[in-house]
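Asks: Just so you know, we're using our numbering here: the sequence shown kicks off at -5 and counts up by one. Here a beta-carbon is modelled for each residue, glycine too, at the ideal position from N, C-alpha and C. A single structure is presented below for examination.
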Amino acid sequence: MIKIKALPTIAALLALASSTAVMSAPELGQTRATLKEWVELKKLISEERSSWTVEQQTLNESIDLLTQEIEKLDEQITAMQEDADAAQLERQSLNNEEDELKRASAVVQQVATDLEASVIDLMDYFPQSLQDKLSILTERMPKNAKEADALGLSTRIQYVIGILGEIEKFHNQITVEETMQRIGDSEVAVKTMYIGLAVAYYVDGTRTEAGVLRPAKGGWEKETRNDMAEQIAQAIGIYEREETAEFVDLPISIN
């Protein structure tokens, strides 16, 4: 901005004007030219000052707008940062949950493997009829790690639960089976009554051959008790509702 000391200049002009009477024509022309230039300069300064005022106002408005935009951007950046932090926390939480699930899955997988091995080992202790019933599920159980991965943990657990359910069902009830067995030189009908998986009693149709069966690996151990034939036949008859209910004494020994 151009600053002009007005008073000294005006005084100089007045002095110049008062001396025009004694100036020559060339000097007077020069003076007029100087005055004209001074007037033009003042006009230019005034125009520049007005233009600068308008430009300054426009610039201030632009600065205000830019400041508002910067504030909005700062708010958006803060919000985005908060969202990013929340997303990071959520991602970390999901990763932690995934790790927990993997650890839990590994534990369940080991439990499933142990249960499968236990079930296969127990099969040799079960009556043949129960083995035959369970074979539908046991044959589907994996024989190696590759089959286990292909079958899936959920399916393996379902098979184990199904097998354990059938075992528990058999153990919690009385089961009577009739089979053909060779006794001496003949094939005769023999009824066997299982008291769960604890003990069993058998008797043939003639009530001459009878005995007690106890769990053992590879087949239940037989103890011949022909002297108990009538009691065993009576107990089976009561269970099948072929005889009147009453207390029957039967030998029992659980290892």
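Would you check if the distance between the CB atom of ALA223 and the CB atom of ALA204 is smaller than 8 Å?
Replies: Taking 8 Å as the cut-off, the beta carbon of ALA223 is found closer than this to the beta carbon of ALA204.
Asks: At a threshold of 7 Å, does ALA210 count as lining the ligand ADP (C-beta to nearest heavy atom)?
Replies: The ligand ADP is absent from the structure shown, which contains no ligands of any kind.
Asks: Which stretch, first to last residue, makes up the alpha helix (DSSP H) that contains TYR251?
Replies: Lying outside -5 to 249, the shown extent of the chain, residue 251 is not represented and no answer is given.
Asks: Taking C-alpha atoms, which residue in GLU76, THR25 and ILE157 lies nearest to SER112?
Replies: ILE157
Asks: Whole angstroms is fine: what's the gap from ALA229's alpha carbon to GLU91's?
Replies: 58 Å
Asks: Helix, strand or coil: how does DSSP classify ARG235 here?
Replies: Coil.
Asks: From what residue to what residue does the alpha helix (DSSP H) around LEU128 run?
Replies: 122 to 132
Asks: Assuming MET187 and VAL206 are in contact, meaning their beta carbons sit under 8 Å apart, how far apart are those beta carbons, in whole angstroms?
Replies: About 11 Å; that fails the 8 Å criterion.
Asks: Where do the ends of the beta strand (DSSP E) carrying ILE176 lie?
Replies: Note that residue 176 is Arg in the sequence shown here, rather than Ile. Counting along the chain, ARG176 sits inside the beta strand (DSSP E) bounded by residues 168 to 177.
Asks: Does the beta-carbon of ALA227 have 16 or more other beta-carbons within 10 angstroms, so that it is buried, or is it exposed?
Replies: buried
Asks: Quick check: what's the CA-CA separation for ARG176 versus LYS140?
Replies: 44 Å
Asks: Buried or exposed: where does LEU35 fall if 16 or more other Cβ atoms within 10 Å of its Cβ makes it buried?
Replies: exposed
Asks: In this structure, how does DSSP classify ALA192 when only helix, strand and coil are distinguished?
Replies: Coil at ALA192, not helix or strand.
Asks: Among the candidates ARG43, ARG208, VAL33 and THR202, whose CA atom is the shortest distance from the CA of GLY190?
Replies: ARG208
Asks: When the Cα of GLY212 is compared with those of GLN51, SER56 and PRO121, which residue comes out closest?
Replies: PRO121
Asks: Determine the DSSP secondary structure at LEU29, reduced to helix, strand or coil.
Replies: helix
Asks: Does DSSP put ASP68 in a helix, a strand or coil?
Replies: helix
Asks: What is the DSSP secondary structure of ARG201, reduced to helix, strand or coil?
Replies: coil
Asks: If you drop the 5 nearest sequence neighbours on each side, which residues of the same chain put their C-beta closer than 8 Å to that of ILE232?
Replies: THR238, ALA239, GLU240 and VAL242
Asks: Would the beta-carbon of VAL154 fall within 8 Å of that of ALA106?
Replies: Against a cut-off of 8 Å, the Cβ pair of ALA106 and VAL154 comes out as a contact.
Asks: Under the DSSP definition of a beta bridge, which residues are partnered with SER180?
Replies: ILE177
Asks: Name the DSSP bridge partner or partners of GLU215?
Replies: ARG208
Asks: Beta-carbon within less than 6 Å of ILE246's beta-carbon, same chain only, minus the 5 sequence neighbours each way: which residues are those?
Replies: VAL193
Asks: Here's the rule I'm using: 16 or more other beta-carbon atoms within 10 Å means buried, otherwise exposed. How should VAL101 be labelled?
Replies: exposed
Asks: How would you label LEU128, buried or exposed, when you count the other beta carbons within 10 angstroms and need 16 or more for buried?
Replies: buried
Asks: Spatial neighbours of MET135 within its chain, please: CB distance less than 6 Å, with the 5 preceding and 5 following residues excluded, ordered by chain position.
Replies: GLU110 and TYR153
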